[in-house]
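Inspection log for the structure reproduced underneath, given as structure tokens.
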Amino acid sequence: MNSEERFEQLKKNVNSDEGWSGIIVGGSLSDGLDVRLSADSSIESVKVGRLVTIQGKSHKFFGQVSDVILDSSDSNLSAHSEEISNGMMSEVAIGTAAYGLIKIQPKLSLDTDDISSNPQAAKTVPPHFSTVAASTHADIEMIFGKEAPGKFWIGSPLDMETKLCLDINELTKRSNGVFGKSGTGKTFLTRLLLAGILQSEKAANLVFDMHSEYGWQGYSETANHQVKGLKQLFPSKVAIFSLDEDHSKRRGLTPDYVVKIGYKEVEPEDIEILRESLNLSPQAADAAHSLFRHYGKNWLLEFLDISGTEAFNSLSGQLNVNQGALSTLHRRLREFRRFEFMDTTSVHDSVNQILRYLDRGINVVLEFGKYGRDTDAYILVANLLTRRIYDRYAEYKERSLSGIGDEPIPLVITIEEAHKYLTPELANQTIFGTIAREMRKYNVTILIVDQRPSQIDEEVMSQLGTKLVCLLDNNRDVDSVLSGVSGQRKLRSVLSSLDSRQQALLFGHALPMPVEIRVRDYGTAESYKSLGFVDTKSKKGKHQIDQDKSDLFGKNT
Amino acid sequence: MGSAKQEKKDNFSGNIIGEVIRSSSTDFETQCYELYKFPPLGSLVTSDDENPVIGIVSHSVTESMDPSRTPRPRGPGLDNVKSIYDDSPQLNNLLTSRFTSITVGYTKDSSIVMKLSPFPPRILSPTRICNDSELNEFSSNFDFVSRLLNPSIGSSDDVLAAFLDIASGLKPDPEQYLIEIGKEIASLLPGQMRRVNLILRNACK
Amino acid sequence: MSLDLNSTSQQIQNMSKNISARETDRLKRIETAVAAANDFDLKSYEIVRQNLAELGRTTTSIKDSPSKTFFTPDLPKNIIVAAVDGSHIDVDRHLAAQCFLINIGSCLIKYGDDPYAELATRPTLYATDENMVIKSADNRTQKIQGSVLGIKRHIEELKELAKLINDIPKETPSCLFLDGTLFPVGMSIFPQFVRDQFYDDIKETMTFLLTESSHRKMSVAAYISYPSHSDIVESLRMLICDDIAGTGICGGCVEGVKDRDIFYKLLGPDQRSPVFVRKTTPGHNNIACDIGFFYVKAGNEIVRIEMPYWSVEDNDIIELTHGTSLDQSKRGPGYPTVLIEAHEQAIVTTADRESFVELVELSLNANGLSTPTSQKNISKRLRNI
Chain A
1311 MNSEERFEQL KKNVNSDEGW SGIIVGGSLS DGLDVRLSAD SSIESVKVGR LVTIQGKSHK
1371 FFGQVSDVIL DSSDSNLSAH SEEISNGMMS EVAIGTAAYG LIKIQPKLSL DTDDISSNPQ
1431 AAKTVPPHFS TVAASTHADI EMIFGKEAPG KFWIGSPLDM ETKLCLDINE LTKRSNGVFG
1491 KSGTGKTFLT RLLLAGILQS EKAANLVFDM HSEYGWQGYS ETANHQVKGL KQLFPSKVAI
1551 FSLDEDHSKR RGLTPDYVVK IGYKEVEPED IEILRESLNL SPQAADAAHS LFRHYGKNWL
1611 LEFLDISGTE AFNSLSGQLN VNQGALSTLH RRLREFRRFE FMDTTSVHDS VNQILRYLDR
1671 GINVVLEFGK YGRDTDAYIL VANLLTRRIY DRYAEYKERS LSGIGDEPIP LVITIEEAHK
1731 YLTPELANQT IFGTIAREMR KYNVTILIVD QRPSQIDEEV MSQLGTKLVC LLDNNRDVDS
1791 VLSGVSGQRK LRSVLSSLDS RQQALLFGHA LPMPVEIRVR DYGTAESYKS LGFVDTKSKK
1851 GKHQIDQDKS DLFGKNT
Chain B
3 MGSAKQEKKD NFSGNIIGEV IRSSSTDFET QCYELYKFPP LGSLVTSDDE NPVIGIVSHS
63 VTESMDPSRT PRPRGPGLDN VKSIYDDSPQ LNNLLTSRFT SITVGYTKDS SIVMKLSPFP
123 PRILSPTRIC NDSELNEFSS NFDFVSRLLN PSIGSSDDVL AAFLDIASGL KPDPEQYLIE
183 IGKEIASLLP GQMRRVNLIL RNACK
Chain C
303 MSLDLNSTSQ QIQNMSKNIS ARETDRLKRI ETAVAAANDF DLKSYEIVRQ NLAELGRTTT
363 SIKDSPSKTF FTPDLPKNII VAAVDGSHID VDRHLAAQCF LINIGSCLIK YGDDPYAELA
423 TRPTLYATDE NMVIKSADNR TQKIQGSVLG IKRHIEELKE LAKLINDIPK ETPSCLFLDG
483 TLFPVGMSIF PQFVRDQFYD DIKETMTFLL TESSHRKMSV AAYISYPSHS DIVESLRMLI
543 CDDIAGTGIC GGCVEGVKDR DIFYKLLGPD QRSPVFVRKT TPGHNNIACD IGFFYVKAGN
603 EIVRIEMPYW SVEDNDIIEL THGTSLDQSK RGPGYPTVLI EAHEQAIVTT ADRESFVELV
663 ELSLNANGLS TPTSQKNISK RLRNI
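Residue numbers (the working numbering), protein chains in the order written: chain A, 1311 to 1867; chain B, 3 to 207; chain C, 303 to 687.
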């Protein structure tokens, strides 16, 4: 082969989009493969995290760039660096004596002889001198699947314009988590995820929308403008419930239902999970149970009506509860009076209303309005409602198992600020902990959106099927997110090198391999359209109007 | 003797400069028709017979034809070498210029094969300096490099550099050519970048 | 066993002592000769010469006093100098084939504009009965070998020298050199028919050269380094020796003194003596024998230059010969370049001789002839112990 042919051959092996290719020169499955870049590759175009395809003999391997190394075959290179770095010589040295070496972590392999087979976790490595190049669009589709019903385009692999899809069916089989420091795009990612679940029609969402940003108009910090909420994109598939009607109305939204919680609906368990945020001692929290036993269903209202030292003394005596604890509890629960959504009406219909929508496959977003700033209110309401909904689902499920009625549509409950109530101390007591641990026993899963995963109970974390993680810089948060995942060390470096915006590391059951993505755009007209949004008002953009004008009257008018 | 030489001078066509006087599989030696009329170091030459063998000039020597007679200095006081030769014209007859060419290939069916020739050139085959198009064709394939880097060849790096100096001059982009061939050299000399550097530096004018 | 150097060395030392003792006498005699040259009287010499001529004795013709000196003339810018030299491989009676080889080397150098040189060597093998033998009319034969071959070679050299003229343009002055004497010496011991044959050959060549020299500026010169001639000393003796004058018995007045001894004293650097002429027959030119000669001081030695008799009449040719000889000798250095190169071309080395023998045997074998060789010859080649 003469040099020109060889050069042509090399060019063919280079994924033309990327400008680099290499061959395997060593390595191992556990420590990754060493890939020497071809002489004409540009090392600057190789990025850590890039998905690569390795053409083995009978298998195609897929992996990820985990490190980029400058290596040399000449141990004296640094000693002669000055003379060699000059002009022509440096060009000669690059790719020969001084070359780029990249580390590839093999993740998947695909039997090329068996077209029907799916990518499997790599259990071996490709042979020496196998060629390595950046994965192509086709490769990505082969691994993650094509965009299709049930396959939701969540973003693109870094440095690629390929649609990377999540398997929504797999995703909703378990509870999941979206993590990231605040301001890293958790909300956008979550919103997309919700849209994906919504679109798939495989499950319904119930979102406890703490900051009122999922259902109706969110705010993009990067683009500095309002973005559409789910209701705006999918009006017929989303119902917005509100705790704060005024707040909703101020934003031009008429909620489908205004949620009220009756005092009678509050149970001692609801107080228990507020223990931390209300700063209650265990004794004080226990006192709620005593009160419930003493007063019955209306315990909260009756307890709050008590006033005066004598009354407390006598109650303390009756209940055999420390008076200090009792008065602390009283003081804290008095805060509930501020909650306008709470009233004395004996039974409210909120749970039924929510279920009614969910049964029809309509997704429910509960906006907290001004109460979003009040963690107590959020925890109280989310927990209270979820517990009841869960009970109902359990009932449905058991009935369907007995052959009575249909199986309930899987429900995904989105909760925020989970580190405040899924702490190791409380996780066992909250309904969310139960749901997370149970997988989809009763067709209910949770989607945790949180910035401090390290504070969330380890067991809950370990039960999460798929994690979508934006930039995290606290080591403990990173540890907790990655605990139990193979290849932690590599993922850790990937995680810490993520951009602070619109990038995320995805791993878990919904993906064949961990992957870093650039999150799909959200907020532009185009992005809405690609999500299936049809602008019924068919408002023409300014540009379109200008265009129409010029079409009608000719230019320069 | 003189007249026979004259005849050859008159007959040679183009770039024939001498005849093969020693021949082996790996190199061949040519005696020049005229004193000092040898090709520069690194030149591409070929034996001009039915089995043309291509070589690169690796060593040139001018010395007394009779090894038992050594040249006698004419000085001091003579600063012009030409005047010495004018004054002693017999020097042109008593001295001889010869050059050795490393065999780097041969021509078969009018295409270049970059291997040692199955047969070395025949003694007294005319030796010819290759023309530009031949040199261009030859230098476009890098397979000759490994042959020139053979440690058995004395000062092979300098020969290679001299060849590259000549060959690169014919390329549209000499520097690019040197870079490409430099990579070939570097891959043949792993861990010897300094040496590669020296070769390339010597190949640059 | 090789030469016993110990024993030889002793004898050499004795010899040196002996020579040294005689040297003082010799120097005295040289002084005598030099004084005679300085006092040379042309008329007295002519009288003595006439007397001796009447007795049938040939003497050297001296037209100028031997003490007269001549300076170096200027040489023309463009000049061609040519020379021949020869060597031979004699008949080897141990060899299967009877043959001899004469190898003539020649050198021609052009100085001045467009200088060049031509070197050539021409070997000739003599192997047939016709050319290995000289026959008389009455069928007497003389094998050419040994000293006869030496003469034969000398004549071949002369012939080759004559041939070089073909390579010399007429308009360029030229000087042809021969190494040693102009004519062969020592022929007197050969039978008359052999001498006649040789003289005829020489005459033919010399006649050609004479013709050529009439229409070109050309000199023919034989260059004799460290000559042992004593022609002039003999002539001086005629004037000073008591024996010859009849006034007494010669006390060895100039015994052992050579011409070179006196001219070494008489000549300054680069100077030459007058030209002297030696004829075989008084009053008659013999083209194959008669010569003119002079001595020249080239560097640290006296050189004798011999020329054909006709050259002595032409002062230009004498000057050309004088100048060229000196110039060539300086270039050598010490000995004419042109003769050195001719010699180098002619030389037959020991290795060449062995190769020659092998070639002959190979050739004979190739033609189906067995090559019986004498045991002595084999033992010479295989030096076993």
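Just so it is clear, CB atoms sit at the ideal spot from N, CA and C, and this is done for glycine as well.
Since we're looking at a predicted model, the values are computed, not measured.
When C-beta atoms of the stretch 1498-1509 of chain A are compared with those of the stretch 1458-1474 of chain A, three or more pairs fall below 8 Å, so the two segments count as touching. The C-beta of Val115 of chain B comes no closer than 9 Å to any C-beta of chain A. In the DSSP assignment, Met1520 of chain A falls outside any beta strand (DSSP E) and carries neither an H nor an E.
As a beta-bridge residue in DSSP terms, Arg1828 of chain A pairs with A:Ser1466, A:Gln1813. Taken in chain order, the complete alpha helix (DSSP H) segments of 4 residues or longer contained in the stretch 446-515 of chain C are 449-466. When Cβ pairs closer than 8 Å are counted between the two stretches, the stretch 1710-1729 of chain A is seen to touch the stretch 1511-1520 of chain A, the count reaching three or more. Between Leu180 of chain B and Phe146 of chain B, the alpha-carbon positions lie close to 14 Å from each other.
By the Cβ test, the stretch 117-125 of chain B is not in contact with the stretch 34-42 of chain B, since fewer than three Cβ pairs between them sit closer than 8 Å.
Exclusion of the five residues before and after Asp1831 of chain A leaves Ser1837 as the residues of its chain whose Cβ lies within less than 6 Å of its Cβ.
With a cutoff of 9 Å on beta-carbon distance, Leu1553 of chain A and Phe1742 of chain A are scored as not near each other.
Excluding residues up to 5 positions away in sequence, Ser1772 lie with their Cβ nearer than 7 Å to the Cβ of Gly1794 of chain A in the same chain. Following the DSSP letters along the chain, one finds Ile1745 of chain A inside the alpha helix (DSSP H) bounded by residues 1741-1748. Nearest neighbour of Asp440 of chain C by Cα position, chosen from C:Arg455, C:Val496, C:Ala429, turns out to be C:Val496.
Non-local C-beta neighbours of Pro529 of chain C in its own chain, meaning closer than 6 Å and more than five positions away in sequence, comprise Arg562, Arg606, ordered along the chain. Beta-bridge partners of Ile1404 of chain A (DSSP): A:Ala1408. The C-beta of Leu1387 of chain A comes closer than 9 Å to at least one C-beta of chain B.
Around Lys330 of chain C, no beta-carbon contact reaches into chain B at under 9 Å, the shortest distance being about 40 Å. Taking a beta-carbon distance threshold of 9 Å, Thr374 of chain C does not count as an interface residue toward chain B. For Gly1506 of chain A, there is no enclosing beta strand (DSSP E); the residue is found in the alpha helix (DSSP H) stretching over 1496-1510. Among the CB atoms of chain B, one or more fall inside 9 Å of the CB of Ile411 of chain C.
Rounded to whole angstroms, Tyr1688 of chain A and Tyr1667 of chain A show a C-alpha spacing of 21 Å.
Its Cα nearest to that of Asp1659 of chain A, the residue A:Ile1699 stands out among A:Leu1588, A:Ile1699, A:Asn1608.
For the pair Ile1550 of chain A and Lys1559 of chain A, the CB atoms are not nearer than the 9 Å cut-off. In summary, the residues of the stretch 71-102 of chain B whose CB is separated from some CB of chain C by less than 9 Å are Arg71, Arg74, Tyr87, Asp88, Asp89, Ser90, Pro91, Gln92, Leu93, Asn94, Asn95, Leu96, in the order they occur in the chain. The C-beta of Ser62 of chain B comes no closer than 9 Å to any C-beta of chain A.
Met1398 of chain A is positioned such that its CB atom lies no closer than 9 Å to that of Glu1726 of chain A. Contact of Tyr418 of chain C with chain B is assigned, a C-beta pair being separated by under 9 Å. Listed by position along chain A, the residues whose Cβ is nearer than 9 Å to that of Asn199 of chain B are His1390, Glu1393, Ile1394, Asn1396, Met1399, Val1402, Ala1403. The beta carbon of Ser1383 of chain A falls within 9 Å of a beta carbon belonging to chain B, placing the residue at that interface. Taken in chain order, the whole alpha helix (DSSP H) runs of length 4 or more contained in the stretch 1625-1661 of chain A are 1633-1643.
Between the stretch 518-536 of chain C and the stretch 456-476 of chain C there are three or more inter-stretch CB-CB distances shorter than 8 Å, so the stretches are counted as touching. DSSP places Tyr108 of chain B in the strand class (E or B) of the three-state scheme. Between the stretch 1406-1424 of chain A and the stretch 1374-1385 of chain A, the count of C-beta pairs closer than 8 Å reaches three or more; the two stretches touch. Taking a beta-carbon distance threshold of 9 Å, Ala1431 of chain A does not count as an interface residue toward chain B. A distance of 9 Å or more separates the beta carbons of Asn82 of chain B and Ala419 of chain C.
Within the same chain, Tyr1752 come within 7 Å of Ala1704 of chain A by CB-CB distance, once the 5 residues on both sides are set aside.
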